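Here the structure comes first, spelled out in C-alpha cells, and everything after it is commentary.
Chains as they are written, first to last, in the numbering used here: chain G, 1 to 411; chain B, 412 to 796.
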C-alpha cells in the first residue's frame with residue numbers, strides 16, 4: 001500500500017479509535033455498568049466518577065509504561081545478560097568489558113567536556129542575547145533570527161557546519177569560512193591580538209566567572225559557620241566549589257599554552273580531525289542551536305523582574321554591569337538553573353551531531369553514539385545496554401531534582 | 412526606560428546595537444552560507460567561497476583571436492580579424508581591462524588600441540568585440556594572444572533543486588525521502604495529542620487517588636533518555652509482528668512524545684478558570700462533554716505549542732527512524748538519514764549536500780517562522796516552573 005495512504009488511514013484509525021474509545025467507554029460506563037437511574041442512581045454516579053479518570057488515563061498510562069518505563073527495566077536486564085549465550089545472566093561482565101575499552105572512556109571524557117561547555121556557553125550566550133535584545137527596537141526580529149536554529153535538525157546543522165569547517169588544499173581557494181579566516185593570520189600583530197591575547201582574556205574572564213560562581217555557592221557555608229546555623233545543601237555546595245576550583249586551575253594552566261603554542265600559519269587545517277579541539281567544534285553546533293532556547297526563556301525571566309529593584313539600584317548609583325550581575329542575575333537564578341539542566345539533558349542524549357559529522361572518529365566519540373555503535377553495528381546488546389544505563393545514571397540526578405521540585409510545587 | 416533614569420542609554424545604545432548586529436550575523440551566517448551554496452553550480456562552489464558569490468567577480472582569462480588564415484578579411488591594404496571573445500570562448504560579463512602580455516594583463520582599457528609595432532594593432536571593447544589588423548604577414552600563423560579581465564555579475568541557479576528532486580539516482584533523489592518524512596511526521600504529531608489531551612484533562616480536573624504520583628511519574632519520564640528504549644522496543648515490535656516500518660515509528664514517536672504532551676497540556680488546563688467547568692457540571696454536562704466542548708477549544712494555544720514541538724522533533728529525528736523504520740531495503744529512508752548517507756558518499760559534492768540539507772530544513776523553518784508565537788509559549792510553559 002502507498003505509505004501516504006497508509007499514513008492517512010493510520011491518522012483516521014488512530015484518532016478515530018481514540019475518540020471512539022473515550023466516547024464509547026464513557027457511554028458504557030454511564031449507561032451499562034453504572035446507570036444513573038433506578039434505586040442506586042446516586043451511588044452509581046459516584047462510582048462512575050471514580051472509574052472515569054482511569055478511562056481517560058488508560059491509553060496514556062499504557063503507552064508511557066510500555067514505551068518509557070518498561071524499557072528502563074528491560075535495558076537494565078539486558079545489560080546483565082549475554083545475547084550470544086541465549087540471554088544467560090552474566091552479572092557485571094558487560095560492564096567490565098565496556099570499562100576495558102578505551103573508546104568508552106574517550107566517550108565518557110568527551111561527554112563530560114560537552115556537559116561543562118555546552119550548557120555553560122549556551123546559557124551565557126543566551127543571557128547575553130536576552131539582555132541585549134531586550135534593549136533595542138528591533139529586538140524581536142533579532143531574537144527570532146538567533147532562535148531560528150532551534151528549527152533546524154541536528155543533521156542539517158551538521159551539514160551547515162561541515163561547510164564552515166571545510167578544508168581544501170593550500171594552493172586552492174578555501175570554501176570553508178573557518179579556513180578562509182584562518183589563512184588571514186600570518187603571525188603578525190593581528191595574529192597575536194586574536195590568537196593569543198584574545199583567548200588569554202577569554203580564559204581569564206572564564207576563570208573569574210567560574211571563581212565567582214563557586215564563591216557564591218561556597219560562601220553560605222563559611223557564613224553559616226560564623227553564625228553557627230546550617231544552611232543546607234552543604235555537599236552540593238562543596239561539590240560545586242571543588243568543581244569551580246578545578247576549572248579555574250585548568251583555565252589558568254592552559255593560559256601558558258596559549259602563549260607558547262606554535263600556530264601552523266598558512267596551512268589550511270582539516271579542523272574535524274584535530275583530536276581534542278574537534279570536540280569543541282562539534283559542541284559549537286549544539287551551542288548554536290541551544291542558545292536561542294536559553295535566550296527565549298531567560299528573556300522572559302528578565303522581563304519578569306520587578307522594576308522597583310532595578311530602579312532602587314539605579315538610585316543607589318549602580319552601573320549597568322552591577323545592575324545586571326548583582327540585581328538581575330540573582331533574581332533569575334532559578335530560571336538559569338532550569339535552562340542549564342534542560343540543556344544538560346539534551347547534551348547527554350546528543351547523538352545526531354557526532355554521528356553525522358565525525359561518527360566518533362578522531363577521538364570525538366560520545367556515549368550516545370558509542371551506544372549506537374555497540375547496539376546496531378557490533379550487535380552487542382549487552383554492552384550497548386550497559387552504556388545506555390550509564391546515560392540513564394547520568395540523567396538520574398536531574399530526574400530526581402525535577403520530580404522533587406514538581407512535588408514541592410504541587411503542595 | 413530604566414536606563415534613561417541613569418542617563419546611560421545614549422552612551423551604551425550604539426554599543427548594544429552593534430553587539431546585537433554581530434551576534435545575529437554570527438548566528439545567521441552559517442545557515443546563509445549553506446543556502447547560498449545550494450544556489451550555485453558545482454564549479455562555482457569549489458571555485459570560490461560562497462561569500463564571494465555575493466559580489467561581482469573579476470576573472471582574468473587568456474584567449475586567442477580566431478585563426479587568421481581562415482578568418483582574415485582584407486580591407487584596403489590591411490588584413491583584419493574580427494570577432495567576439497565571449498562568443499568564441501564562452502563566458503560573459505563586463506570587460507574592465509585587458510592586455511596582450513602576461514606581464515601586463517591590465518595594460519589597456521576597453522576601447523583602447525594597442526600598438527603591436529609596424530602598424531599592427533589590436534583592440535577590445537567592453538562587450539568583448541575585438542579587432543586585430545595589420546599587413547598580410549602579421550595577420551597569419553596563430554591568433555593574437557590577449558588577457559582579458561572581465562567582471563561577471565553574481566550568478567545563481569535553481570538547477571540543484573531540480574536535480575535533487577528529479578534525479579534518477581536513488582541515492583541522490585530526495586523526493587521519496589521527503590514524502591517518507593512527511594508520512595512519519597503527521598500521524599506521529601496528531602496521535603499523541605489526542606491521547607495526551609484526555610490524560611491531561613484527567614490529571615488537571617478529575618479527583619482520584621494517586622493523581623500526584625502520576626504527575627510526578629510524568630515529570631520523571633520527561634527526561635528518560637529514549638536511548639534506553641531502543642533495543643527493548645525493537646524486540647517487542649519484532650515480537651508482535653510490527654517489525655520495522657511506519658506503524659512502529661508512529662507508535663515509538665507517540666510514546667516518546669507523550670510525557671511532554673501531558674506535562675504541557677496539564678499545566679495549561681490547570682490554569683483554565685474553575686468557574687466555567689463547575690458551571691457546566693451544575694448544568695449537567697458530563698466530563699466527556701466538558702472536555703470536548705469547553706476544554707479542548709480553550710486549550711488551543713497549548714495544543715498548538717505541543718504540535719509544533721512534536722512536528723519539529725519528528726521531522727528532524729534521525730535515531731528513532733533509523734532504529735524503528737529504515738530496513739535493509741532502504742525504501743523507507745527519511746531525509747535526515749539520506750543526508751547522513753550523502754555525507755558519506757558525496758562528501759565533497761557541496762551542491763548536492765547543501766541542496767539536500769536545505770530541502771529538509773525548509774519545512775521546519777517555515778513552520779518555525781509562521782508559528783513562533785506558540786513555540787515560545789510552549790517553551791515557557793514547559794520550562795519555567
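Ideal Cβ positions, reconstructed from N, Cα and C, are used throughout, including at glycine.
Note that the coordinates shown come from a computational prediction; the quantities given were computed from them, not determined experimentally.
Chain B has no Cβ within less than 8 Å of the Cβ of residue 42(G). Interface annotation, residue 10(G): in contact with chain B, CB-CB separation under 8 Å. One alpha carbon belongs to residue 773(B), the other to residue 145(G), and they sit about 15 Å apart.
Our two residues, residue 742(B) and residue 587(B), have alpha carbons roughly 8 Å apart in a direct line. When secondary structure is reduced to three states using DSSP, residue 511(B) falls in the coil class, being assigned neither helix nor strand. Restricted to the segment 474-537 of chain B, the beta strand (DSSP E) segments that are unbroken, complete and at least 3 residues in length are 484-486, 489-495, 505-510, 524-528, 531-535, listed in chain order. For residue 171(G), the closest of 165(G), 180(G), 164(G) by C-alpha to C-alpha distance is 180(G). Note: residue 50(G) is not bridge-paired with any residue in the DSSP secondary-structure output. In this structure, residue 107(G) sits away from residue 291(G), with a CB-CB distance that is not shorter than 8 Å. DSSP places residue 556(B) inside the beta strand (DSSP E), whose first and last residues are 556-563. At a Cβ-Cβ threshold of 8 Å, residue 683(B) and residue 69(G) do not count as neighbours. For residue 356(G), same chain residues with a beta-carbon under 6 Å away, outside a window of 5 residues either side, are 155, 158 in chain order. Counting only Cβ-Cβ distances below 7 Å, residue 136(G) has contacts in chain B at 427, 428, 431, in chain order. Check the Cα spacing between residue 113(G) and each of 316(G), 333(G), 243(G): the tightest is with 243(G).
Not one beta carbon of chain B lies nearer than 8 Å to the beta carbon of residue 28(G). For residue 245(G), there are no C-beta contacts with chain B under 8 Å, since the nearest C-beta of that chain is about 29 Å from it.
Using beta-carbon distances, residue 52(G) counts as an interface residue toward chain B, with a partner under 8 Å. Within the segment 631-661 of chain B, the runs of alpha helix (DSSP H) at least 4 residues long that lie entirely inside it are, in chain order, 641-650. Burial check for residue 671(B): the Cβ neighbour count within 10 Å reaches 16 or more, so the residue is buried. As summarised for the segment 113-183 of chain G, the continuous alpha helix (DSSP H) elements at least 4 residues long and confined to that stretch are 139-147, 154-165, 177-182, given in chain order. Under the three-state reduction of DSSP output, residue 319(G) falls in the coil class, being neither helix nor strand. Within the DSSP secondary-structure output, residue 471(B) pairs in a beta bridge with 560(B). Under the Cβ criterion of 8 Å, residue 772(B) is counted among the residues facing chain G. Check the Cα spacing between residue 51(G) and each of 259(G), 33(G), 62(G), 66(G): the tightest is with 33(G).
At a C-beta separation below 7 Å, residue 612(B) has these neighbours in chain G: 56. Fewer than three pairs of CB atoms, one per stretch, sit closer than 8 Å, so the segment 566-584 of chain B makes no contact with the segment 722-735 of chain B. DSSP lists 492(B), 533(B) as the bridge partner or partners of residue 543(B).
Look at residue 761(B): its C-beta is under 8 Å from a C-beta on chain G. Look at the segment 434-449 of chain B: the residues with a C-beta under 7 Å from a C-beta of chain G are 434, 435, 438, 439, 441, 442, 444, 445, 448.
When beta bridges are read from the DSSP output, residue 82(G) appears opposite 88(G). Segment contact: the segment 36-55 of chain G against the segment 638-651 of chain B, fewer than three CB-CB distances shorter than 8 Å; contact not assigned. Annotation: residue 719(B) to residue 713(B) spans about 10 Å, alpha carbon to alpha carbon. Contact between the segment 761-770 of chain B and the segment 445-465 of chain B is established, with three or more Cβ pairs separated by less than 8 Å. Excluding residues up to 5 positions away in sequence, 476, 477, 482, 540, 541 lie with their Cβ nearer than 8 Å to the Cβ of residue 494(B) in the same chain.
For residue 381(G), the residues of chain B that pass the 7 Å Cβ criterion are 642, in the order they occur in the chain. Rounded to whole angstroms, residue 571(B) and residue 770(B) show a C-alpha spacing of 11 Å.
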